[in-house]
Amino acid sequence: NAGVTQTPKFQVLKTGQSMTLQCAQDMNHEYMSWYRQDPGMGLRLIHYSVGAGITDQGEVPNGYNVSRSTTEDFPLRLLSAAPSQTSVYFCASSPLKVGGPPYEQYFGPGTRLTVT
Amino acid sequence: KQEVTQIPAALSVPEGENLVLNCSFTDSAIYNLQWFRQDPGKGLTSLLLIQSSQREQTSGRLNASLDKSSGRSTLYIAASQPGDSATYLCAFYFTSGTYKYIFGTGTRLKVLA
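As they're listed, the protein sequences go chains A and B.
Following this note's numbering, the residues of the first sequence are numbered contiguously, the last one being 1177.
Following this note's numbering, the residues of the second sequence are numbered contiguously, the last one being 114.
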């Protein structure tokens, strides 16, 4: 099992450019999520999904889009990059208990994004 | 509002010391709690998961406990080693939330040889 994989590892964008951060998991987990991590602010949830075709907003969704067409993949799209989106982005996945919450979370290695 | 606080933000101890990291929360309606370790420039590694019906979990030199009445979880590290140096984060999944984990800001631990 590769677990949770993220690409790219590093990215530099100019203001206004768009791009997609890729996330894939091979554990057949229903729940997937995207976080950003900024110094002194901990991890903040951007978007999450509880299964293919189902997504919802987290704490800081503005400027980001997601879709979930398969169980394995959960890409994060930056529509028009801004310097405030400079951050480290983590993808995570969890199995879902039947009728209940996510179980143990597994994290990818992260994507370090700089917007100039 | 559900809040999670980790104090201290940073801690430096000599090798061999037993230590306790604290995580406080404001909402006792918890489904589960997870402790993570994060090395510089790396992702998060899961250490321990405690479900709401449990009081503690142990893995090797690590023991995590959950006390919902006092709003606190502690991570106990026995006989600390320089390799334990990392940032430790707690994350709570609250029953009144909507599929969201709330993270603390972490405690940065340095164990001196």
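Even glycine gets a Cβ: it sits at the ideal position worked out from N, Cα and C.
These figures come from a predicted structure and were not determined experimentally.
Worksheet item: So what's A/G1171 in DSSP terms, helix, strand or just coil?
Response: coil
Worksheet item: When the Cα atoms are used, what is the spatial distance from A/Q1078 to B/G72?
Response: 44 angstroms
Worksheet entry | Expected contact under 8 angstroms - CB spacing of A/F1071 and B/G44 to nearest Å | Going by Cβ atoms, the distance from A/F1071 to B/G44 rounds to 14 angstroms, so no, they are not a contact pair.
Discussion item. Between A/E1091 and chain B, is any beta-carbon pair separated by less than 7 angstroms?
Written reply: no
Discussion item. Which runs of the alpha helix (DSSP H) at least 4 residues long sit entirely within the region 1094-1146 of chain A? Give them in chain order.
Written reply: none
Worksheet item: Can you name, in chain order, every residue of its own chain whose Cβ lies under 6 angstroms from the Cβ of B/F26, other than the five neighbours on each side?
Response: V5, G72 and F93
Worksheet item: Closer than 7 angstroms, CB to CB, is B/T106 near chain E or not?
Response: Absence of chain E from the displayed structure is noted, the protein chains being A and B.
Item to complete: Measure from the C-beta of A/P1136 to each C-beta in chain B and report whether the shortest distance is under 7 angstroms.
Response: no
Discussion item. If distances are taken between C-alpha atoms only, which option among B/T96, B/P83, B/L76 and B/P9 comes closest to B/S54?
Written reply: B/T96
Worksheet entry | Nearest-angstrom Cα separation, counted from B/K111 out to A/L1082 | 32 angstroms
Practice prompt. Check B/D68 in the structure and name its three-state DSSP category.
Written response: strand
Worksheet item: Nearest-angstrom Cα distance between A/M1093 and A/P1170?
Response: 14 angstroms
Worksheet item: Nearest-angstrom Cα distance between A/A1113 and A/F1135?
Response: 9 angstroms
Worksheet entry | Cβ of A/P1170 within 7 angstroms of any chain B Cβ | yes
Worksheet item: Grouping DSSP H, G and I as helix and E and B as strand, with all else coil, what is B/P83?
Response: helix
Discussion item. Which same chain residues end up closer than 7 angstroms to B/I8 when comparing Cβ atoms and leaving out the 5 residues on each side of it in sequence?
Written reply: N23
Practice prompt. Could you give the DSSP three-state label for A/V1159: helix, strand or coil?
Written response: coil
Discussion item. Can you confirm whether the region 1120-1138 of chain A touches the region 48-64 of chain B when touching is taken to mean that 3 or more C-beta pairs between the two stretches lie within less than 8 angstroms?
Written reply: no
Worksheet item: Does the beta-carbon distance from B/S86 to B/L20 come in below 7 angstroms?
Response: no
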